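First the structure, in the form of structure tokens, and then the observations on it.
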Amino acid sequence: MTINSTEVDSAKLILARKKIRKEKWKTFFMTIGQNKAAAVGGVIILLYISLTLLAPILSPYDPYEINLPDKLHSPSMAHWMGTDDKGRDILSRILYGSRLSLGVGFSSVFFGAFFGITLGLVAGYYGKWVDTIISRCLDVMLAFPGILLALAIISALGPSLINVTIAVGVFSIPLFARIVRGSTMEVKKLEYIDAIRTLGANDFIIIFRHIFPNILSPIIVQGSLRLATAILSAAGLSFLGLGAQPPSPEWGAMLSSGRDFIFSAPYMAIFPGLMIAILVLGFNLFGDGLRDALDPRTKK
Amino acid sequence: MFLFILKRLVQIVPVILGVTLVVFLIMQMVPGDPAVIMAGEGASKETVNELRENLGLNRPLYEQYFSYVGNVFKGDLGNSLKNNQPVLDEIMIRLPITMELAFFSIMITIVLGLIAGIISAVRPYSFSDISVMVVALIGISLPSFWLGLLLMYVFSVKLQWLPVAGWDSTAHIILPAITLGAGGAAIVARMTRSSMLEVVGQDYIRTAKAKGLKGHVIIYKHALRNALIPVITVVGLQFGSLLGGTVLVESVFAINGLGRMIVDAIRTRDIPMVQGGVLVASLVFVFVNLLVDVMYKVFNKRIDLN
Amino acid sequence: MTNEIVLEVKNLKTHFISNKGTAKAVDGIDFVLRKGETMGIVGESGCGKSMTSLSILRLIPSPPGKIVDGQVLLKGQDLVTMSEEEIRKIRGNRISMIFQEPMTSLNPVIPVGEQIAEALRLHQGLSKKQAWDKSVEMIGLVGIPSPEKRAKQEPFQLSGGMRQRIMIAMALACTPEVLIADEPTTALDVTIQAQILEIMKDLQKKIGMGIIFITHDLGVVAEMCDQVGVMYAGQIVEHQDTKDLFKNPLHPYTQGLIGSLPKLYEDQEELQIIEGTVPSPYEYPEGCRFAERCPFATDICIQKQPNLIQYDENSKVRCWKYSDEWQDSLTKEGVAL
Amino acid sequence: MSNLLKEKSPLLKVSDLKQHFALKKEAIFQPKQVVKAVDGINFDLYPGETLSIVGESGCGKSTTGRSILRLDEPTDGDVLFKGESLLKMNKKELRNVRGNIQVIFQDPYASLNPRRTIRQMLEEAMAIQKVLPPNQREARMLELMKHVGLRPEYLERYPHEFSGGQRQRIGIARALAVNPEIIICDEAVSALDVSIQAQILNLLKKLQKDYDLTFLFISHDLSVVRHISDRVMVMYLGKVVEIADKSSLFNNPMHPYTKALLSAIPVIDETKRRERIILKGDVPSPINPPTGCRFHTRCPFATERCRQEEPLLREVDTNHSVACHFAEELLS
Amino acid sequence: GSSSKSEEKADNPTTTGDKSGGKLVVVRLSDATGLDPHFITDIPSANVVHGKVYETLLAFDKDRNFAPLLATEWNQVDDLTWDFTLREGVKFHDGTPFNAEAVKATFDRLLDPVTGSPQKDKLGMISEVIVKDDTHVTLKLATPYAPLLSILASSEGSILSPKMINETPDQLATHPVGTGPFVFDSWKSGQEITLNKNNDYWGEKVKVDSVVFKVVPEDATRLAMIESGEAHISDQVPVTEIERIENSDKMNLFRTDGLAVEYVGFNTTKAPFDNVKVRQAISYAIEREAIISGVYNNVGTLANVAMSPQVFGYSKDVKAYPYDVNKAKSLLKEAGYDKGIKVTLLTSDRKERINMAEVIQSQLKGIGVDVEIKVMEYGSYIKEIESGEHQMFISGWGNATGDGDYNQYNLFHSASVGAPGNNFYYQNPVVDKLIVQARVETDPSKRQEIYKQAMQIEMDDAVYVPIRNYEHLAVYNNKVENFRLDASNYLILNEVTVK
Ligand SMILES: Nc1ncnc2c1ncn2[C@@H]1O[C@H](COP(=O)(O)OP(=O)(O)OP(=O)(O)O)[C@@H](O)[C@H]1O
Ligand SMILES: Nc1ncnc2c1ncn2[C@@H]1O[C@H](COP(=O)(O)OP(=O)(O)OP(=O)(O)O)[C@@H](O)[C@H]1O
Ligand SMILES: [Mg+2]
Ligand SMILES: [Mg+2]
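Residue numbers (my numbering), protein chains in the order written: chain D, 739 to 1038; chain E, 375 to 680; chain P, 65 to 401; chain V, 10 to 341; chain F, 95 to 593.
Pasting the structure below:
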């Protein structure tokens, strides 16, 4: 084989490689796109994310500006969603609040996923006593009804959005860990893992290069469904007065302060409630769709 | 089976110990001196110190923990800091209420969920399927306390069909149970549907069809029983989040249950009460899980193979 | 072959229609099955064997599957156009099936005896007790010891071989006229396979049904069947009496298939191979579906699809080589054989 | 040929290998249950030969292969590779020596990581075993692809884009990438259609010649085994019941189980069909294997002795060993 | 059937027969912590028994004058001696007769250190209780103590059954036995407490048959219950619902001025609030009127000092700082903070207080003070202000006795720094001296004058910003009549009828 032809070959190869990469993404989006539910969910999520980014531009008023004489106006042309009990524009607050609510959702899930995945990988891969210890600890965590654990954590750390994030994150650790542990044990048994072991790979390579990428889809699915629950839990904690601190326009907190007006000024609770519900719906749709799209059984 | 249950019971012990330890540690981290809170506004330093001494709050941590665990195994969960009543008594007043609420909610979850799931699965992608699933998705997405307030507003205040709050008659159970069970019902519905659809694709369903069985026999005799297996697990897990959910629903509907008791106890730093409450809640949870595992085993004997 | 015809399949076509396109899984199958006769269908994975058998009883998953053309005549009665209610009465009663996977084809949560009895109650109107007794009898008939005990067990308590025997018992419980066996022994060990094949032969003698025996194992076909249809890409490419087929395979594909088998009692340095791969059912070539891999292919093979032509009395083949046009196409091209 | 082999020293020596799996205990008071998947087997593998292991499902074929590689830690016994004990090596030494023994697995779908391109797989294999300096690996990959009959641009593809036969070729390329001396083929062709199977079998034979490979070939398909092997080992319930040169075994099977096995194979050519020995019953469970000869429950010739006394593997003929008390008697 | 119908009736508290007075349902935020007046430290607990199960020697009337109750007459013999004549023919609910021995037993228990009552200090100046005869008792004081009567009229002064005290003192917490118009019936912890009409009451009997105190933690739920008639009275009303209540034809609102005040305090030892100019600047910058109307919906009145007008010692002449942003700015500049400051404002998690904090945050933004709000759940909040780590905080001071001493000594005396109540960490010898002086002064007008002086100094030092004098609210269903709240937020149920 002459040098020349190898060069030609590798040029071809690089091209081919690029094309493959592109197509990989394309097929991913195609599969998602084909699933209507996932597509709707994806659009909802994208919409929320753009709201988050565009809040300063879209908001008609300062979300923090208190204007007592204007309090509790029902929805009108000037205030599309009305004003709250301190005369702040609810629409503007909701727009700014999306940052917080999405932030809590994403960071708590990230937090839970990070520890959960690590624990799950280690327990699932090494098995035996390592697994026993980790699993028992997870059992303990699971034995707490989630919100009670969060409550206890928050009363220890004090109420704040960050602590809510941590608390909600903590109780999703065992959920991630269990899924990851299960999938790891499944994937561990597959022949390609044996193959890489017979090649002499060390545990690190096996776990992170070979097992982890192959259990991503249940993680992603779980992640997006957890996001929904996380946002609801955070709202629940805010409802109990343990969430975001005033005057932050976190939706759960808005909802919570709106509940006193549920009869006299229902719009104060309805709009943030709807925003939460739709976002949660979005993540649920997306997660479900993703599950269908990524499930090899439905693919074939 | 008996041995299996026994083994699982033995396994519960370390979990419960773990739970007590975690609660104990968390409560230690909680700021706020229970003695100060008990003494109330404007009490003098001496009073507070005296109280602290009486409550044993001056002893080293590990000592407090060990004496606590020792007492727990004797069935003594200590006395409430708030009203000095035995914690166990306080819990026993509320546990039946919460269990009743949980029971009715889980019934709603199961019955509604199964019916909806089967309706959907029988004719996938039909109008009825899609509408049931849309409702289910919405059900999952609504914050439960919000749903509770809305239901209360519509059915109790506006229509006056049902009582607003409390826990005195059957009518009182309806709204809280729906509020608490709705999310779970939606999840069970979706699980039933996907599980049914998966089972319907199985070889043995094809076998049943090849035998010439009627459609409904296939669905109820051959498919549903198998489809229920994963659903049982989901229901079991659902029970866990249900216990958590009682906190909110009990607040909204003024139900004197365990969940609200724990929240109140956390607020007032009534440490023995928190510890006892969480311990009991966890025990209930763990036992329900055991029950689910047993049912799972009964339904799915194939597990024995592995 | 003077026996009466029980089943006749004419131009059967089953397609899978989805947004990926149309997969022509079964694309024009014809054959005739007589009483007491066993017909084998062989072919490689994905060629449409299972779909053919499922189409006969209209059990293809639908959507996306659909029988788009053809007839399936059970003693002259067309199953394809029948109402769902009518065909239900035929399933498990006059035509039964045995599936490939004994592990998954039985309902895991129902005692096996009940699974057999169920069909008996339905089709033969037996009482609960009668059906159960008959079911126990059937389990004994397929050679499972202590049938009373086994009947009460659930599938997971039985070994693979036993489960497959239960499947056979279930299929034969209502003494069907036609038995379709879709790879009934593929999942089993050879020694167990031998047991099962023996039982099937015995029972056929007793009951006298016609059997459609689907497999990819040519050895099994040789031992079990009277006549064989070789399938390739959704079509039957060759149909002969079993003995003739192995003595004198006509179609190049059949020849390749037999050639690529390692021989049990002969030393070979290298195995004969068929180059290339099976075309996708979504886009079959216009001409002969085997042309791409065929060492004899000419232009006509690539351009036009051959028909299943009568080679001699008991043999049919789908190949231009045996047609009248063959010589013409060769001379035109000027290629010598 | 077999005499020649014996003069060489074995490349791999398996002695008294045992692999017992403890089953999960159901309850605390339940006695521990053990699956004796492989229960004391001995054999040698000589350089350049193909030794096949046959037997029914669950008899311990795969477990034997996995124990040799320490994919599962064996319970007892030893495996010597070129005189060095594989089982006594520490993790690091083992990783280094592993490149010498490779596996081709049964399931062409499960044996390739679906998230990695062929290039990544081959590159990684070479990198782990440091077979070549990085700049020469590209050329080596192209060469490997050619050897196993795949187009070079396929390097960039993912496994799902290949058919079963092509995947099996990829698995072979990956095994070859690290220049192994022994390749264990665990049902390497069982999942494939006959026409593809033939391609792969031919390829394996060719590669064996080209690279001077030694094969441990695990299969339950006796015609394939006969085609590819030099020697054949028959296993039953975790034990070796017969081991012999291919021709000797096929023409002159001594163990009743081997006989039954051979007779059960459906044969196309009627004239070559043997009288069928139909075995009664099912294979017993390896959890509580029968006493004495493990085959006695199904053996048509079983006697009281078979029930009591376990037959040892003994050389009955040149290069033909069998574990049956009555091998000689049955011959006649 | 008919039985189910009668059940329905029993369920519905509003259905009453001709003779029966019906069941009155009171819904409240939280349950009582205990029912032993010697241990009760919170109004919600005291509210259940005070004036209902237990009675005091004397009581406040509608106009907050002392009126006889269990004592028919009283008389201050000298600075340290008080004589009481007791009512005759009164019996405790357990049948024990009420007499001088009962009074002695009650106060002896309270004052006995072994009892460990947190209320001991309030009557700690009593050195001896002398029984003269069955109907006459004398209290001996260790030091002169002007506010004695007001404490005796509060819940702490309840007279307990001596039988209970001697035989089963542990049960007092859950089973109160007094002389009042209601007899304790049952307590379902966390759920409800039931009292029944005392048919043997010495005075005018109550109109209802029973009263049930139910725990309903959600504001919205309580209101819904009142509106639907499921409950009759709620004494915790969100100020934001006033309009709705007033517009409703099913609900009525009762308002009464309270004894408590609410204020924003400064930790005078913590920078920058150790600088009086900063404190003054903030005082100028808070627009208190906006808070009263915006946050409190005009419930309560603008406070000028940290003492309610209802409390003895109040003076309207001490003036709070007016709203003046310019002054505030210049004071800040003088203090050297013209580039702006960052401060934290601590509050407990009561909704109105959080709202107030938000408004203050927004107001102080105007003078370049960047406020970070720290909401803490009550327990942690208390701990925080008692540890002295806080800067600015919102707080309130109730006044069970209605006397200025309770206010000034606890809030501003240097002996009260930290836990007892001086969370300003304010130490001023002049103020200390004035407060002690007022304690022993028996001439009411002189006392008044002394308190005024002290309060003026505190105001000059800008220790706090007075915000609001409490107004107590209760909502009741329109089936209820003759209901009122007193200034200490006690429900007065003696005359209530349910239609
Ligand atoms: N649900 C489906 N959707 C689309 N195509 C399908 C579906 N089911 C089967 N097919 C197609 O039908 C063709 C025939 O499948 P069939 O199961 O009949 O093959 P087979 O000959 O039985 O193979 P095997 O030996 O593997 O059982 C396959 O090529 C497959 O692609
Ligand atoms: N990890 C394990 N734990 C418990 N038992 C095992 C394990 N691996 C294998 N076994 C058991 O060991 C026995 C031998 O298994 P092995 O896979 O070696 O059989 P095999 O001969 O390769 O069969 P097949 O032809 O089905 O692949 C079987 O009974 C199997 O169930
Ligand atoms: Mg098939
Ligand atoms: Mg194997």
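No residue lacks a Cβ here, since even glycine has one placed at the ideal position from N, Cα and C.
It should be emphasised that the depicted structure is a prediction, and the values quoted were computed from it without experimental measurement.
Among the bridge pairs identified by DSSP, Y930(D) is matched with none. From the listed residues M288(P), T249(P), V284(P) and E241(P), the smallest Cα separation to I271(P) is found for E241(P).
Closer than 8 angstroms to some heavy atom of ligand 1: that does not describe the Cβ of Q257(P). Closer than 9 angstroms to the CB of F310(V) there is not a single CB belonging to chain P. For E466(F), the enclosing beta strand (DSSP E) stretches over residues V463 to M470. For G557(E), there is no enclosing beta strand (DSSP E); the residue is found in the alpha helix (DSSP H) stretching over T544 to V574. For D281(P), the shortest separation between its Cβ and any heavy atom of ligand 1 does not lie below 8 angstroms.
The set of residues with a C-beta under 7 angstroms from any non-hydrogen atom of ligand 4 comprises K70(V), S71(V), Q115(V), D195(V), E196(V) and I227(V), given in chain order. If the five residues before and after S569(E) are omitted, its C-beta is found closer than 7 angstroms to the C-beta atoms of A601, P604 and V605, all from its own chain and listed in chain order.
DSSP, reduced to helix, strand and coil, places S479(E) within a helical segment of the structure shown. Along the stretch 24-95 of chain V, the beta strand (DSSP E) occurs as fully enclosed runs of 3 or more residues at 43-54, 59-63 and 85-90, listed in sequence order.
For D827(D) and E803(D), the gap between their C-alpha atoms comes out near 9 angstroms. For F661(E), there are no C-beta contacts with chain D under 8 angstroms, since the nearest C-beta of that chain is about 10 angstroms from it.
Proximity of the beta carbon of S114(P) to ligand 3 is indicated: a heavy atom of the ligand is located closer than 8 angstroms. Distance from the C-beta of P209(P) to the nearest heavy atom of ligand 2 is not below 8 angstroms. With 16 or more other CB atoms across the displayed protein chains lying within 10 angstroms of its CB, L525(E) is buried. Of Y500(F), K185(F) and Q330(F), the smallest CA-CA separation from V277(F) is found for K185(F). At least one C-beta of chain V is nearer than 9 angstroms to the C-beta of F310(P).
Counted as a single uninterrupted DSSP element, the alpha helix (DSSP H) harbouring P523(F) occupies residues P523 to V534.
A direct Cα-to-Cα measurement between L317(F) and I904(D) gives close to 35 angstroms. For C194(V), the pairing in a beta bridge is given by DSSP as I113(V) and F226(V). Residue state for Y834(D) is assigned as helix, using DSSP reduced to three classes.
Annotated three-state conformation of V397(E) is helix, per DSSP.
9 angstroms or more divides the Cβ of L521(E) from the Cβ of F529(E). In terms of beta-carbon proximity, E133(V) lines the interface with chain D, with at least one pair separated by less than 9 angstroms. Every alpha helix (DSSP H) of 4 residues or more that sits fully in the stretch 259-346 of chain F is shown, in chain order, as 313-322 and 336-341. With a threshold of 8 angstroms, the Cβ atom of I278(P) counts as near ligand 3, since some heavy atom of the ligand is closer than that. In this structure K255(V) touches V241(V) by the C-beta definition: roughly 6 angstroms separates them, less than 8 angstroms. Apart from the 5 residues on each side of it in sequence, V637(E) sits with its Cβ closer than 8 angstroms to the Cβ of V621 and S625 in its chain, given in chain order. Think of a sphere of 8 angstroms around the beta carbon of D503(E): no beta carbon from chain P falls inside it, the nearest being about 14 angstroms out. Under the Cβ distance rule, I448(F) counts among the residues neighbouring chain D, one pair being separated by less than 9 angstroms.
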